[in-house]
Amino acid sequence: MHSVRKFCNQRFLGLTKLFVTLIVCMSASFTFAAKPEFELRIKDHLFYPSELHVPANVKIKLLVLNEDSTPEEFESYELNREKVILGNSKSVIFIGPLAPGIYPFFGEFNITTAQGVIIAE
Amino acid sequence: MSQPIKFSSLLLLLSSSAAFAGTTSVDRVYDPYVQPLEREIEFRNVLEHDPFGGNDVWKTRFGYGQSLSERLFLEFYVVGEKEQGEAIEEDSYEIELKWQLTEQGEYSSDWGLLFEFEDELGQDVLEAAVTLIGLKEYNRFIFTGNLSAIIEWGGDINDEFETAFAGQSRYRLSQSFEPGLELYQSETTSAFGPVFSGVVKLGGRKRLTWETGILFPLDDETANQTYKINFDFEF
């Protein structure tokens, strides 16, 4: 029993070291540089603006304000983003860095009306 | 200015750490994300096949889950197991809580934690696990690593502490079809092979995510062929 405990303790010690290393790595991988911010509004199941110009090759912070009372899901396979924004609330979506180009997005819950593009240039 | 440590280094670290590790068979590689208002029904199947006449083992898992908040997702599973020539038996139940730690894309990699508790039916065997989930996006490639710390206890099992690793690299070819590779490393399983996944949109919030793959052994203890097929219906 003593040897089992010793074995478990050694494993636990090893794993603790590993997790500490991971946390350090996580901290090191966090970059806190200010990101350009853009705003996107949802009203009457439409995106405003429906065409958003952003700088290419930098990460951007997109603040999405849902002014409808119903939830909406910002979705774009091209941007690899899906985010549900509850009714009458706001949410942040981080995008990029994007290569120059046009990236369509839409509202999953109102796909016929809620559509737009992000143009990275 | 310090150079951020690359996610590939983390995965290497995770892989090497798993070499001393414990038990988890082929299952699923988790991403760290949670969506508010998310509800899903999940059906997972794993078949361990021995083409040389050994016993085939089929494990099936049926789950229901829903998000509790923007960062927490709770899921409940019933797990069944069937050996060749026998009827399927209810094997255990399991509860999972996923916690999204970072916003997608905010940092150079995304992180989450998964807490699991499993109770084997008809036996005094309990299992609890915590899994660190890391995900790195690199152009159209997605690299995901799950590192688990597991404890097992009860009257019908020797108390154990184990670790396990599951990793996936996936290429975002199209929403309906994404090829990838998966690696599973634990005390009882060491397997590697191709996986394929996709999403079928069913209108509104409804969608069906499918995933299938075949894993080949990297050691003598793992089944010769392990097939997996998972369905995840969100509504």
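As you go down the protein sequences, you meet chains A and B in turn. Be aware that the first sequence starts at 139, since it is given in our numbering, and climbs by one per residue. Be aware that the second sequence starts at 67, since it is given in our numbering, and climbs by one per residue. Note that beta-carbon positions come from the ideal geometry of N, C-alpha and C, so glycine has one too. Computed from a predicted model, the values in this text were never measured in an experiment.
Closest by C-alpha distance to residue i, when choosing among the options
i                : options                                : result
Asn218 (chain A) : B:Gly171, B:Phe128, B:Leu140           : B:Gly171
Glu130 (chain A) : A:Asn195, A:Ile180, A:His183, A:Leu184 : The structure shown does not extend to residue 130 (chain A), since chain A is modelled only from 139 through 259, so no value can be given for it.
Asn296 (chain B) : B:Lys125, B:Asn121, B:Pro98            : B:Lys125
Glu220 (chain A) : A:Asn226, A:Asp182, A:Ile233           : A:Ile233
Phe202 (chain B) : B:Ile217, B:Ile280, B:Tyr237           : Per the sequence presented here, residue 202 (chain B) reads as Lys, with Phe not at that position. The shortest C-alpha separation from Lys202 (chain B) is found at B:Tyr237.
Val191 (chain B) : B:Glu218, B:Ser214, B:Ile199           : B:Glu218
Pro245 (chain B) : B:Glu136, B:Phe207, B:Val145           : B:Phe207
Glu160 (chain B) : B:Tyr130, B:Asn121, B:Asp285           : B:Tyr130
Asn205 (chain B) : B:Ser175, B:Tyr250, B:Thr197, B:Ile216 : B:Ser175
Phe142 (chain B) : B:Glu108, B:Tyr250, B:Tyr173           : B:Glu108
Pro117 (chain B) : B:Ala289, B:Gly178, B:Glu106, B:Glu184 : B:Ala289
Pro235 (chain A) : A:Leu184, A:Ile256, A:Glu211           : A:Ile256
Ser91 (chain B)  : B:Ile216, B:Leu167, B:Phe139           : B:Ile216
Phe139 (chain B) : B:Tyr173, B:Ala153, B:Trp165           : B:Trp165
Ser207 (chain A) : A:Val192, A:Pro193, A:Lys228           : A:Lys228
Pro174 (chain A) : A:Phe185, A:Pro193, A:Glu205           : A:Pro193
Gly188 (chain B) : B:Glu152, B:Asp286, B:Gly146, B:Phe227 : B:Gly146
Asp298 (chain B) : B:Arg273, B:Leu239, B:Val261           : B:Arg273
Cβ-Cβ distance between residue i and residue j below 8 Å
i                : j                : result
Gln241 (chain B) : Gly269 (chain B) : no
Asp19 (chain B)  : Glu186 (chain B) : Lying outside 67 to 301, the shown extent of chain B, residue 19 (chain B) is not represented and no answer is given.
Val222 (chain A) : Leu103 (chain B) : yes
Gly259 (chain B) : Phe282 (chain B) : yes
Thr278 (chain B) : Glu114 (chain B) : no
Val100 (chain B) : Arg137 (chain B) : yes
Ile223 (chain B) : Tyr96 (chain B)  : no
Ser214 (chain A) : Phe243 (chain A) : yes
Asn302 (chain B) : Lys294 (chain B) : Outside the displayed span of chain B (67 to 301) sits residue 302 (chain B), for which this structure offers no information.
Thr197 (chain B) : Asn212 (chain B) : yes
Phe212 (chain A) : Ile198 (chain A) : no
Gly254 (chain A) : Ser188 (chain A) : yes
His183 (chain A) : Asn248 (chain A) : yes
Arg94 (chain B)  : Glu246 (chain A) : no
Leu179 (chain B) : Leu167 (chain B) : yes
Ile180 (chain A) : Glu216 (chain A) : no
Glu106 (chain B) : Glu300 (chain B) : yes
Supposed contact pair residue j and residue i - C-beta distance, whole angstroms, cut 8 Å
i                : j                : result
Leu201 (chain A) : Leu190 (chain A) : That pair is no contact at about 11 Å.
Val123 (chain B) : Glu149 (chain B) : 6 Å
Glu194 (chain B) : Phe209 (chain B) : It should be pointed out that residue 194 (chain B) corresponds to Ala in this sequence rather than to Glu. About 27 Å separates the two Cβ atoms, so there is no contact after all.
Glu248 (chain B) : Gly233 (chain B) : 7 Å
- Message: What are the residues in the segment 206–218 of chain A lying within 7 Å of chain B by C-beta distance?
- Response: Pro209, Tyr215, Asn218
- Task: Identify each residue in the segment 229–244 of chain A for which the Cβ-Cβ distance to at least one residue of chain B is less than 7 Å, and report them in chain order.
- Result: Legend: CB atoms of the segment 229–244 of chain A lying less than 7 Å from CB atoms of chain B belong to residues Val230, Phe232, Ile233.
- Within the segment 239–294 of chain B, note down every full beta strand (DSSP E) run reaching 3 residues or more, in order along the chain. 244–251, 256–267, 273–283
- Message: Against chain A, which members of the segment 231–245 of chain B pass a CB distance test of less than 7 Å?
- Response: Arg238, Gln241
- Item | Chain-ordered residues of the segment 267–287 of chain B with a beta carbon less than 7 Å from chain A | Gly270, Arg271
- For the segment 154–180 of chain B, which residues have a CB atom closer than 7 Å to at least one CB atom of chain A, in sequence order? Here the close residues are Glu169, Gln170, Gly171, Glu172, Tyr173, Ser174, Ser175, Trp177.
- Relative to chain A, which residues along the segment 101–115 of chain B have a C-beta separation below 8 Å, given in chain order? Interface annotation for the segment 101–115 of chain B against chain A: Gln101, Pro102, Leu103, Glu104, criterion Cβ-Cβ distance under 8 Å.
- Unbroken stretches of the beta strand (DSSP E), 3 residues or longer, contained in the segment 208–244 of chain A: 210–214, 219–223, 227–233
- Counting only runs of 3+ residues fully inside the segment 120–200 of chain B, write out the beta strand (DSSP E) ranges in chain order. 123–133, 138–149, 155–166, 176–186
- Query: What are the start and end residues of each continuous beta strand (DSSP E) run of 3 or more residues lying completely inside the segment 87–117 of chain B, in chain order?
  - Reply: Counting only runs of at least 3 residues, the segment 87–117 of chain B fully encloses the following beta strand (DSSP E) elements, listed from N- to C-terminal order: 105–115.
- Message: To be precise: take each residue of the segment 194–208 of chain B, compare its Cβ to all Cβ atoms of chain A, and keep it if any distance is under 7 Å. Which residues remain?
- Response: Leu198, Glu203
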